[in-house]
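J.: Here the working numbering is used: the first residue of the sequence shown is 75, the next is one more, and so on.
Just so it is clear, CB atoms sit at the ideal spot from N, CA and C, and this is done for glycine as well.
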Amino acid sequence: MRISLVFAQPVGEQVLPRLELRQANGNVIDKPFLEQELWSPSGKILTVLLHPGRVKSGLIAHDTVGPVLHADGLVVLTLGGQEIKRWKVGSDDHDGPRPSGWNVGSVRAGTREPLVVELDAPIDGRDVDYLAVANSSNRRIQGRARLEVGEKRWIFAPDAPWTELRYTLAVFGNLEDASGNRLNGHFESPGTAPEPTAADVYIPLAIDRALVTP
Numbered sequence: 075m076r077i078s079l080v081f082a083q084p085v086g087e088q089v090l091p092r093l094e095l096r097q098a099n100g101n102v103i104d105k106p107f108l109e110q111e112l113w114s115p116s117g118k119i120l121t122v123l124l125h126p127g128r129v130k131s132g133l134i135a136h137d138t139v140g141p142v143l144h145a146d147g148l149v150v151l152t153l154g155g156q157e158i159k160r161w162k163v164g165s166d167d168h169d170g171p172r173p174s175g176w177n178v179g180s181v182r183a184g185t186r187e188p189l190v191v192e193l194d195a196p197i198d199g200r201d202v203d204y205l206a207v208a209n210s211s212n213r214r215i216q217g218r219a220r221l222e223v224g225e226k227r228w229i230f231a232p233d234a235p236w237t238e239l240r241y242t243l244a245v246f247g248n249l250e251d252a253s254g255n256r257l258n259g260h261f262e263s264p265g266t267a268p269e270p271t272a273a274d275v276y277i278p279l280a281i282d283r284a285l286v287t288p
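Encoded structure:
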């Protein structure tokens with residue numbers, strides 16, 4: 075659904091006209107991207123979207139022009155004719171994130187030990203802040219969150235030590251995976267089906283209150 079490019083410095087010009095998606099044999103895939111550039115506030119991160127009409131089945135562009143990607147195929151992303159990334163296309167993913175299958179680590183009281191959450195599958199790389207930690211007063215804990223291991227591991231380092239009796243991991247309902255599936259809705263749902271209400275998930279955290287050795 076999305077491809078993000080990180081530049082060393084702000085670009086200041088359009089990139090999409092110089093961006094191409096090619097097949098393994100070098101053939102250029104015709105019009106694979108939505109004609110829109112989504113830039114971060116810093117001007118260093120560009121996100122482009124695969125054309126949604128050619129991704130979701132049942133739409134005119136998908137059925138007449140054909141899908142952008144095919145399972146088991148190889149695609150190459152080029153910028154100005156230079157290869158910058160290549161992928162092997164996997165099979166269709168209709169499952170979406172499943173917090174019940176996550177491995178949520180524990181943290182030690184009195185420390186600033188990072189909380190590590192092993193996800194069941196990669197999530198959208200831009201959704202790092204769609205997970206949060208709340209205290210017993212349901213207030214968001216301040217800290218720094220990041221994704222690792224191909225967006226399959228979420229790590230949260232709190233600004234202050236873990237001192238309360240109860241913490242909760244909040245997973246927001248609009249969290250998406252790389253295929254556009256949300257926490258409670260599938261990208262490939264019928265076009266006439268009503269959009270499900272985004273439902274958040276809350277997971278109690280385990281706090282190790284054993285004496286912390288200096």
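Roughly how many whole angstroms lie between the Cα atoms of residue 96 and residue 107?
T.: Cα to Cα, the separation comes out at about 12 Å.
J.: Please classify residue 193 as buried or exposed, where buried requires at least 16 neighbouring CB atoms within 10 angstroms.
T.: The residue in question, residue 193, is buried, as its Cβ has 16 or more Cβ neighbours within 10 Å.
J.: Restricting to Cα atoms, I'd like to know which of 213, 257, 174 is closest to residue 248.
T.: Selected option, being the one with the closest Cα: 257.
J.: Round the Cβ separation of residue 118 and residue 91 to the nearest angstrom and send it over; I've been treating them as touching at under 8 Å.
T.: Not quite, the Cβ-Cβ distance comes to about 19 Å (not below 8 Å), so this is no contact.
J.: Taking 7 Å as the cut-off, decide whether the C-beta atoms of residue 196 and residue 226 are in contact.
T.: Taking 7 Å as the Cβ cut-off, residue 196 and residue 226 qualify as a contacting pair.
J.: Classify residue 115 as buried or exposed, calling it buried when 16 or more other Cβ atoms lie within 10 Å of its own Cβ.
T.: Answer is exposed; the Cβ neighbour count stays below 16.
J.: Less than 6 Å between C-beta atoms, sequence neighbours within five positions excluded: which residues of the same chain meet that for residue 77?
T.: Taken in chain order, the residues that qualify are 122.
J.: Any idea what DSSP makes of residue 223, helix, strand or coil?
T.: In this structure, residue 223 counts as coil in the three-state DSSP scheme.
J.: Measure the C-alpha to C-alpha separation of residue 101 and residue 213 and round it to an integer number of angstroms.
T.: Computed Cα separation, rounded: 52 Å.
J.: Roughly how many angstroms lie between the CA atoms of residue 82 and residue 190, to the nearest whole one?
T.: Cα-Cα distance, rounded: 28 Å.
J.: Per DSSP, residue 281 forms a beta bridge with which residues?
T.: 181.
J.: With distances taken between CB atoms, is the gap from residue 109 to residue 152 smaller than 7 Å?
T.: No, the pair does not count as a contact, with Cβ atoms beyond the cut-off.
J.: Could you check which residue in 179, 235, 201 has the C-alpha nearest to that of residue 219?
T.: It is 201.
J.: Grab me the residues of residue 147's own chain with a C-beta within less than 8 Å of its C-beta, minus the 5 sequence neighbours each way, in chain order.
T.: Contacts found: 97, 98, 162, 163.
J.: When you compare the CB positions of residue 243 and residue 279, do they come within less than 7 Å of one another, or not?
T.: Against a cut-off of 7 Å, the Cβ pair of residue 279 and residue 243 comes out as a contact.
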